[in-house]
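Novice: First, the structure itself, so that you have it in front of you.
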Amino acid sequence: DAGVTQSPTHLIKTRGQQVTLRCSPKSGHDTVSWYQQALGQGPQFIFQYYEEEERQRGNFPDRFSGHQFPNYSSELNVNALLLGDSALYLCASSHDRVGETQYFGPGTRLLVL
Amino acid sequence: AQSVTQLGSHVSVSEGALVLLRCNYSSSVPPYLFWYVQYPNQGLQLLLKYTSAATLVKGINGFEAEFKKSETSFHLTKPSAHMSDAAEYFCAVRKGGSYIPTFGRGTSLIVHP
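Heads up: the protein sequence lines correspond to chains A and B, in order. The opening position of the first sequence corresponds to residue 3 in this note's numbering, with each subsequent residue numbered one higher. The opening position of the second sequence corresponds to residue 18 in this note's numbering, with each subsequent residue numbered one higher.
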């Protein structure tokens, strides 16, 4: 049973560019959440997708957007990249049930130059 | 609003010594509490979680944590540290009925031979 997978593992972009990160949830999971983890910090919640809709959003600007596909996989898009967007981006999946645990992928490390 | 405070950004122990990582939370309602571990260049792995079934929670790799409501604490312990325990540890809290956990800033565990 594959866990949560993310691609790519590493990415280098320049300021102003756009980036798309991808996530495949753990088998049987229908909910996907995205987090940003800056160096030396804990993960910060970006948004969560369920039934192809953004269900909840953290304190991130509209430059951050996402999508969930019918197979529950998800994408995170970031437009107009800033140097401060450099971070590890984590995807987590879970069942849509209260109390369910989130399982995290290995992350995509984004460096903005 | 819920929040998590991890006391000590770094904890250093000798191999074989007791590990104690501190976590205090604030939540207006009984929470779900989690400890995650993150090894270098990897995503987060769940160590254990508290869901009100029992105050002493046993997790993987010999770790356990005790929920103390009166102290609003959920400290993580392990009787004897191994070199392989060296990693970043994150405490997280989620209100009942909420899908999104709030993470602490993390504690780096250093294990000396």
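Positions of the beta carbon are idealized from the N, C-alpha and C atoms, including for glycine.
When the cut-off is 7 angstroms and only beta carbons count, does Arg122/B lie next to chain A?
Specialist: By this cut-off, Arg122/B is an interface position.
Novice: Roughly how many whole angstroms lie between the Cα atoms of Gly60/A and Phe49/A?
Specialist: Those two C-alpha atoms are separated by around 6 angstroms.
Novice: Would you tell me roughly how many angstroms separate the C-alpha atoms of Leu115/A and Leu64/B, rounded to the nearest one?
Specialist: So the alpha carbons of these two residues sit roughly 35 angstroms apart.
Novice: My guess is that His112/A and Ser75/A are in contact by the Cβ rule of under 8 angstroms, so how many angstroms apart are they, rounded?
Specialist: The sequence shown places Leu at residue 112/A, not His. Contact flag wrong, Cβ pair sits at about 19 angstroms.
Novice: Give a yes or no on whether the minimum CB-CB distance between Leu50/B and chain A is below 7 angstroms.
Specialist: Closer than 7 angstroms: no.
Novice: Touching or not, the segment 98 to 113 of chain B and the segment 34 to 48 of chain B, by the rule of three or more beta carbon pairs under 8 angstroms?
Specialist: Segments in contact, yes.
Novice: Taking C-alpha atoms, which residue in Glu53/A, Ala82/A and Glu54/A lies nearest to Phe66/A?
Specialist: Out of Glu53/A, Ala82/A and Glu54/A, Ala82/A has the C-alpha closest to the C-alpha of Phe66/A.
Novice: Please confirm if the segment 19 to 33 of chain B is in contact with the segment 61 to 75 of chain B, defined as three or more CB-CB distances below 8 angstroms between the two stretches.
Specialist: Result no; under three Cβ-Cβ pairs closer than 8 angstroms.
Novice: Does the beta carbon of Lys66/B sit closer than 7 angstroms to a beta carbon anywhere in chain A?
Specialist: Cβ-Cβ to chain A under 7 angstroms: yes for Lys66/B.
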